[in-house]
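Undergrad:
In my numbering, the protein residues as written are 1 to 54.
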């Protein structure tokens, strides 16, 4: 977060906003991926091999 904050402090609001958005998107995508993997395993144990190949 230091780099986006430094950009905003120096008037570069586009850089700061872009990197803050990227950080929040990454967390959301990781959470979604974990939820999908859990759902796949709960629905069918044979999906384990598919998930391990990913």
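Ideal placement from N, C-alpha and C gives every residue a C-beta, glycine not left out.
Between residue 30 and the rest of its own chain, which residues show a CB-CB distance below 7 Å, the 5 nearest in sequence each way excluded?
TA: none
Undergrad: Out of curiosity, what's the CA-to-CA distance linking residue 36 and residue 17?
TA: 28 Å
Undergrad: Please say whether residue 40 and residue 49 have beta carbons closer to each other than 8 Å?
TA: Between residue 49 and residue 40, the gap from beta carbon to beta carbon reaches 8 Å or more.
Undergrad: DSSP three-state call for residue 53: helix, strand or coil?
TA: Of the three classes helix, strand and coil, the one that applies to residue 53 here is helix, per DSSP.
Undergrad: Give the DSSP-derived three-state secondary structure of residue 27 in the structure shown.
TA: For residue 27, the secondary structure class from DSSP, reduced to helix, strand or coil, is helix.
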